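**Student:**
Right under this line is the structure:
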């Protein structure tokens with residue numbers, strides 16, 4: 062049985078909220094020095110990428126409204142399958158500068174489900 066596409070949006074938005082709480086008050090130096098923080102951040106990005114990948118299959122029209130969807134899913138694949146070559150700077154850049162746009166896209170999709 063296929064999950065409701067709204068659940069994928071919810072999963073991604075929840076992961077964004079976790080990411081924000083994980084890095085609140087943190088710096089690049091904190092991130093670089095803390096393996097637990099890096100692991101937690103990477104895991105939440107994996108969840109986002111998987112949720113959006115599933116959204117693209119369950120509701121392609123909604124997924125098309127996510128800016129850079131293909132890059133987000135590819136980023137997830139790199140984190141999972143290319144773990145040995147993950148660029149921590151790239152992950153830090155994503156968590157520190159790209160969440161607002163993604164969350165806005167997801168909020169618009171979510172509002173469309175309700176309307």
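Residue numbers (our numbering): 62 to 176.
Yeah, the Cβ is synthetic: ideal placement off N, Cα and C, and Gly gets one too.
All figures in this text were calculated on a predicted structure; none of them were measured in a lab.
1) Are residue 174 and residue 67 touching if we call contact CB-CB under 8 Å?
2) Tell me the residue span of the alpha helix (DSSP H) that contains residue 92.
3) Which word fits residue 167, buried or exposed, when buried means at least 16 other C-beta atoms lie within 10 angstroms of its C-beta?
4) Please work out which residues of its chain come closer than 8 Å, Cβ to Cβ, to residue 147, disregarding the five sequence neighbours upstream and downstream, and give them in chain order.
5) Between 81, 72, 106, which has its C-alpha nearest residue 144's C-alpha?
6) Going by alpha carbons, who is nearest to residue 114 out of 72, 161, 157?
**Tutor:** In this structure, then:
1) yes
2) 89-94
3) buried
4) 103, 139, 140
5) 106
6) 72
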